[in-house]
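*Asks:*
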Amino acid sequence: ILRTNVPEGLRQPPGPKPFPVIGNVLELGHNPHLSLTAMGQRYGPVFQIQIGTRPVVVLSGNDTVRQALIKQGEDFAGRPDLHSFRLLSNGKSLAFSPDQAGVWRVRRKLAMSALRSFSVVKSGSSGYSCMLEEHICKESECLVQELSTAMETKGSFDPFRHIVVSVANVICGMCFGRRYNHDDQELLDLVNINDEVGRVLASGNPADFIPLLRFLPNRVMKEFLEVNDRFLKFVQKIVTEHYNSFDKNNIRDITDSLIEHCEDRRLDENSNLQVSDEKIVSIVNDLFGAGFDTVSTALSWAVVYLAAYPEIQAKLHQQLKENVGMDRTPTLDDKLKLPLLEAFILEVFRHSSFLPFTIPHCTTKDTALNGFFIPKNTCIFINQWQINHDPTIWIEPSTFNPERFLSPDGTDVNKLTAEKVVVFGLGKRRCVGEAIGRAEVFLFLAILLQRLHFHKLPGQTLDLTPKYGLTMKHKTCQLGARPRAQEAA
Ligand code: HEM
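According to UniProt numbering, the sequence shown is numbered sequentially starting from 33.
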């Protein structure tokens with residue numbers, strides 16, 4: 033089935049021999065980021081596997097991935113039509129649906145402009161530099177309080193469980209103009225989703241490629257559908273409330289600004305009618321969904337690394353104490369004063385590579401890469417984990433060492449080295465929330481570091497092996513924290 037007519041001068045990508053019906057599924061195993069990295073060592077940065085009967089081209093290596101996603105960006109900018117992607121947000125997701133290029137581009141632009149207006153645009157009025165800073169500072173205060181209460185009442189806490197609510201509140205503030213209490217059951221049911229749900233959307237989910245598997249009883253799939261349904265109902269309720277109270281003279285948040293766009297477009301006869309109102313307003317589903325899971329996973333990893341590496345935490349706190357002080361809340365502008373914190377975040381991104389693959393891509397036309405022919409509509413996996421652990425780029429890639437990013441005197445982050453870490457994707461599909469994600473991780477962490485000292489529990493060893501998924505989480509764990517104020521006393 034797979035024989036393609038390879039144009040003269042080009043070759044078909046190499047790869048392991050597939051079994052009938054299942055292809056190379058068994059070789060993917062439980063950790064596709066590791067098995068596909070190992071295959072890349074054998075077959076090179078462009079190789080082909082088969083999942084079920086569908087060919088998938090896997091790209092690794094900094095140069096090859098940049099060539100595909102940046103220099104040949106248009107050719108590789110599509111999304112494959114996969115089973116789980118069709119189920120997500122009723123098939124209307126901006127990030128996952130195989131929208132035509134024109135429709136996707138309009139929606140992406142709208143998403144970026146709505147996000148900008150309610151996050152990083154400078155505001156002079158509130159005492160904060162922008163809305164994002166205000167949301168993060170307020171949520172960090174609550175988070176510190178929540179963690180301190182957990183310490184007083186239980187003597188430990190599950191970091192992800194608390195962080196995810198605070199991060200969800202930041203994106204809820206921007207998208208819906210509201211926040212939730214840390215014990216709000218509706219929000220907890222939504223954000224504390226089972227890790228296995230992330231497996232459904234991860235690269236290499238066999239049910240996306242082998243239709244038969246969709247009809248077998250499948251607990252993980254059932255749970256995914258339930259979470260998806262809960263999620264849609266949650267957002268839909270808020271969107272309906274927004275429609276009912278919409279006032280074009282008072283645009284309150286991202287949902288309002290998307291509704292406003294639909295209203296404006298109705299008045300504009302030359303507008304592109306192909307993008308339905310539903311597809312415009314449902315952009316908020318993507319922003320909310322992508323906005324809490326990624327950032328909370330990053331922050332939770334960061335806190336676990338702080339507890340696992342007390343000597344690094346001590347240096348981070350020292351730099352913060354010297355360059356910001358303990359008397360005022362850190363701000364986004366403090367970033368340049370805290371190069372070790374920036375280096376630490378980069379190393380958390382690199383070492384955990386908690387988004388091991390980008391969302392799968394798809395070729396939009398017949399193309400060629402490194403002399404290999406890749407036909408239109410081929411599903412493409414981009415192995416970010418491999419780039420972040422490539423021994424030709426990184427000295428001792430499995431060692432956690434933030435100082436690899438610093439200049440010899442420790443005062444600057446080396447920008448060229450920093451750019452080699454790939455966690456937000458690259459090129460046309462690069463994450464639209466990158467600036468917000470980076471700002472959130474920085475400021476939440478700076479505030480947490482200023483107020484709390486994180487530590488392991490007596491006798492505890494922390495296992496930093498990630499659990500595979502679209503976003504890889506650390507194993508569920510309990511940690512401890514002491515208020516810094518108490519330490520000083
Ligand atoms: C796409 C990473 C935060 C919204 C992506 C992709 C990655 C990624 C790897 C896929 C790129 C590709 O397919 O090539 C991250 C990381 C984050 C983060 C590591 C935080 C540390 C956010 C935030 C938002 C967001 C805060 C929104 C507020 C999106 C959207 C897409 C996307 C809408 C789809 C873009 C498209 O398909 O055109 N992100 N992200 N992300 N991200 Fe993020």
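By construction, the Cβ of each residue, glycine as well, lies at the ideal position given by its N, Cα and C atoms.
Given the structure is predicted, the values throughout are model-derived calculations rather than measurements.
For Ile151, collect the residues of the same chain with a Cβ closer than 7 Å to its Cβ; drop the 5 residues on either side in sequence, then sort them by chain order.
*Replies:* What sits at residue 151 in the sequence shown is Ser, not Ile. Answer for Ser151: Cys162, Met163, Leu164, Met206, Ile468, listed in chain order.
*Asks:* Could you give the distance in angstroms between the alpha-carbon of Ile33 and the alpha-carbon of Gly403?
*Replies:* At Ile33 the pLDDT is 43, less than 50, meaning the model places this residue with poor confidence and gives no usable figure here.
*Asks:* Taking Arg111 as the reference, which of Phe128, Phe474, Thr96, Lys124 has the closest Cα?
*Replies:* Cα-wise, what sits closest to Arg111 is Phe128.
*Asks:* Between Phe266, Ala471, Arg139, Asn282, which lies nearest to Ser308 when the distance is taken from Cα to Cα?
*Replies:* Closest by alpha carbon: Arg139.
*Asks:* Tell me whether Thr390 counts as near the ligand HEM, meaning its Cβ is closer than 6 Å to at least one heavy atom of that ligand.
*Replies:* Flag set: Cβ of Thr390 near the ligand HEM.
*Asks:* Whose CA, out of His167, Asp366, Gln510, lies closest to the CA of Gly491?
*Replies:* Residue Gln510 is the option with its Cα nearest to Gly491.
*Asks:* In chain order, which alpha helix (DSSP H) runs of at least 4 residues are fully inside the region 187-257?
*Replies:* You should have 191-208, 217-223, 227-233.
*Asks:* So for Cys509, helix, strand or coil by DSSP?
*Replies:* Reduced to three states, the DSSP call for Cys509 is coil.
*Asks:* Smallest Cα separation from Ile195: which of Asp107, Thr449, Thr329?
*Replies:* Ranking the options by Cα distance to Ile195, first place goes to Thr329.
*Asks:* Could you check what DSSP says for Gly323 in three-state terms: helix, strand or coil?
*Replies:* If DSSP states are grouped into helix, strand and coil, Gly323 belongs with the helices.
*Asks:* Tell me, please, whether the region 83-92 touches the region 118-128 by the rule of three or more beta-carbon pairs shorter than 8 Å.
*Replies:* No, because fewer than three Cβ pairs between the region 83-92 and the region 118-128 fall closer than 8 Å, the two stretches do not touch.
*Asks:* Taking C-beta to C-beta, are Leu233 and Leu502 nearer than 7 Å?
*Replies:* Cβ distance < 7 Å, so Leu233 and Leu502 count as in contact.
*Asks:* Using the Cα positions of Asp240 and Gln104, report the straight-line distance between them to the nearest angstrom.
*Replies:* Roughly 26 Å separates the two Cα atoms.
*Asks:* Just tell me which of Leu42, Pro249, Ala334, Gly236 has its CA closest to the CA of Pro191.
*Replies:* Cα-wise, what sits closest to Pro191 is Ala334.
*Asks:* If you check the beta carbons only, do Asn201 and Arg211 fall under 7 Å apart?
*Replies:* Contact: yes.
*Asks:* Can you look up Pro87 in the DSSP assignment and give me helix, strand or coil?
*Replies:* Pro87: strand per DSSP, three-state reduction.
*Asks:* Tell me which residue opens and which closes the beta strand (DSSP E) that Leu484 is part of.
*Replies:* Here the beta strand (DSSP E) through Leu484 covers 484-487.
*Asks:* Val454: which of Ile479, Asn420, Phe486, His487 sits nearest, CA to CA?
*Replies:* Closest by alpha carbon: Asn420.
*Asks:* For the ligand HEM, I want to know if Leu477 counts as a neighbour, meaning its beta carbon is within less than 6 Å of at least one of the ligand's heavy atoms.
*Replies:* For the ligand HEM, not one heavy atom lies less than 6 Å from the Cβ of Leu477.
*Asks:* Give the DSSP-derived three-state secondary structure of Arg284 in the structure shown.
*Replies:* Coil, per DSSP.
*Asks:* Are there any heavy atoms of the ligand HEM lying less than 6 Å away from the beta-carbon of Val223, as far as the coordinates show?
*Replies:* The answer is no for Val223.
*Asks:* Unbroken alpha helix (DSSP H) runs of length 4 or more, entirely within the region 392-447: which are they?
*Replies:* If we require 4 residues or more, the alpha helix (DSSP H) runs fully inside the region 392-447 come out as 416-420.
*Asks:* Using a Cβ-Cβ cut-off of 8 Å (strictly less than) and excluding sequence neighbours within five positions of Ser188, which residues of its own chain qualify?
*Replies:* So the list reads Ala182, Leu489, Gln510, Leu511, Gly512, once near-sequence residues are dropped.
*Asks:* Mind checking which residues open and close the alpha helix (DSSP H) that includes Tyr75?
*Replies:* Looking at the DSSP string, the run of the alpha helix (DSSP H) that includes Tyr75 is 64-75.
*Asks:* Is any heavy atom in the ligand HEM found nearer than 6 Å to the beta carbon of Thr326?
*Replies:* Yes.
*Asks:* Apart from the five residues on each side of it in sequence, which residues of its chain come closer than 6 Å, Cβ to Cβ, to Pro77?
*Replies:* Once the five neighbours on either side are set aside, the close Cβ partners of Pro77 are Ser92, Gly93, Thr96.
*Asks:* Nearest-angstrom Cα distance between Leu373 and Asp221?
*Replies:* So the alpha carbons of these two residues sit roughly 32 Å apart.
*Asks:* Does the region 339-346 come into contact with the region 382-394, if we say contact requires no fewer than three beta-carbon pairs (one atom in each stretch) closer than 8 Å?
*Replies:* With the cut-off at 8 Å, the region 339-346 and the region 382-394 do not touch.
*Asks:* For Cys294, which residues from the same chain have a beta carbon less than 8 Å from its beta carbon, with the 5 sequence-adjacent residues on both sides left out?
*Replies:* Only Asp309, Ile312, Val313 meet the Cβ criterion.
*Asks:* Which of helix, strand or coil does DSSP assign to Cys294?
*Replies:* Three-state result, Cys294: helix.
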